[in-house]
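70 is the number of the first residue of the sequence shown in this note's numbering; add one for each residue after it. Shown next, in structure tokens, is the structure this report addresses.
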Amino acid sequence: MASFPADWGREQPASLQFVDKAEDLVLYGDVGCGKTHLAIAIGELACRRMIPAGFFTASSLVMRLRKAKHDNRLDTELKTIGKAELLIIDELGYLPIDIEGARLLFQVIADSYETRSVVFTSNLEFSRWGDVFGDGDMAAAVIDRIVHHGRIVRFHGESYRNTHSLMK
Numbered sequence: 070m071a072s073f074p075a076d077w078g079r080e081q082p083a084s085l086q087f088v089d090k091a092e093d094l095v096l097y098g099d100v101g102c103g104k105t106h107l108a109i110a111i112g113e114l115a116c117r118r119m120i121p122a123g124f125f126t127a128s129s130l131v132m133r134l135r136k137a138k139h140d141n142r143l144d145t146e147l148k149t150i151g152k153a154e155l156l157i158i159d160e161l162g163y164l165p166i167d168i169e170g171a172r173l174l175f176q177v178i179a180d181s182y183e184t185r186s187v188v189f190t191s192n193l194e195f196s197r198w199g200d201v202f203g204d205g206d207m208a209a210a211v212i213d214r215i216v217h218h219g220r221i222v223r224f225h226g227e228s229y230r231n232t233h234s235l236m237k
């Protein structure tokens with residue numbers, strides 16, 4: 070089950086108006102409640118409407134950026150990622166990120182601020198994002214950018230996978 074902000078409903082994500090306005094979206098909540106499912110649906114809808122979109126897990130994005138930096142092509146990689154009008158960063162907080170990875174991820178998020186929409190999925194409330202970034206100040210800067218032009222959709226309830234598990 071998802072709880073939408075008071076000024077937003079189920080129709081707003083599907084309209085993609087938030088992408089036109091370079092607004093962000095945080096899909097936050099319990100494991101198995103549909104955060105990634107909704108993020109993928111938004112990304113697929115954007116592609117169908119010819120809106121350039123990119124989808125990454127947080128860990129795969131960090132690995133990609135780290136490799137680009139190692140290969141001395143970070144600027145090129147950031148430009149490639151920056152072509153997306155919608156960037157989806159899935160599973161933020163599921164795996165820890167070291168300080169170098171956090172700085173690289175911060176760069177993508179900071180570059181996206183007011184220029185493109187970012188959809189985040191996370192099982193962590195904002196107060197725990199300092200653990201993800203390994204730096205409370207960096208996490209605060211990320212959160213500050215997200216909440217300025219963003220909304221949170223809260224997911225709660227029993228895991229779909231657990232409810233429909235063959236292991237009963």
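The C-beta atom is built at its ideal place from N, Cα and C for all residues, glycine as well. All values derive from a computational prediction rather than experimental measurement.
Report task. On the DSSP bridge assignment, give the partners of residue 191 in chain order. Result -> 97 and 161
Report task. Starting from the Cα of residue 52, find the closest Cα among 143, 122, 79 and 85 and give me that residue. Result -> Nothing in the structure corresponds to residue 52, since the chain is present only between 70 and 237.
**Report entry** Cβ-Cβ separation, residue 89 to residue 124 (assumed contact under 8 angstroms), whole Å
**Finding:** Residue 124 to residue 89, Cβ: 19 angstroms. No contact.
Query raised in the report: Considering only residues of the same chain and omitting the five flanking positions on each side of residue 135, which have a CB-CB separation below 8 angstroms?
Result: Result list for residue 135: 169, 170 and 173, in chain order.
Requested in this report: Return the CA-CA distance between residue 77 and residue 86, expressed in angstroms with no decimal places.
Outcome: Straight-line Cα distance between these residues: approximately 11 angstroms.
**Report entry** Own chain, CB closer than 6 angstroms to residue 146, minus 5 neighbours either side, in chain order
**Finding:** 137
Query raised in the report: Which value, in whole angstroms, describes the spacing of the CA atoms of residue 110 and residue 79?
Result: 13 angstroms
Query raised in the report: Where do the ends of the beta strand (DSSP E) carrying residue 122 lie?
Result: 122-126
**Report entry** Where the alpha helix (DSSP H) containing residue 247 begins and where it ends
**Finding:** One cannot answer for residue 247 here, as it falls past the ends of the chain, which runs 70 to 237.
Query - Backbone CA spacing between residue 181 and residue 229 [nearest angstrom] - result: Cα-Cα distance, rounded: 32 angstroms.
Query - CB contact flag (residue 102, residue 226, <8 angstroms) - result: yes
Query raised in the report: Any idea what DSSP makes of residue 142, helix, strand or coil?
Result: coil
**Report entry** Proximity below 8 angstroms, CB of residue 94 to CB of residue 224
**Finding:** Cβ atoms of residue 94 and residue 224: not closer than 8 angstroms.
Requested in this report: Could you spell out the range, first to last residue, of the beta strand (DSSP E) harbouring residue 224?
Outcome: 219-224
Requested in this report: Could you check which residue in 116, 207 and 201 has the C-alpha nearest to that of residue 192?
Outcome: 201
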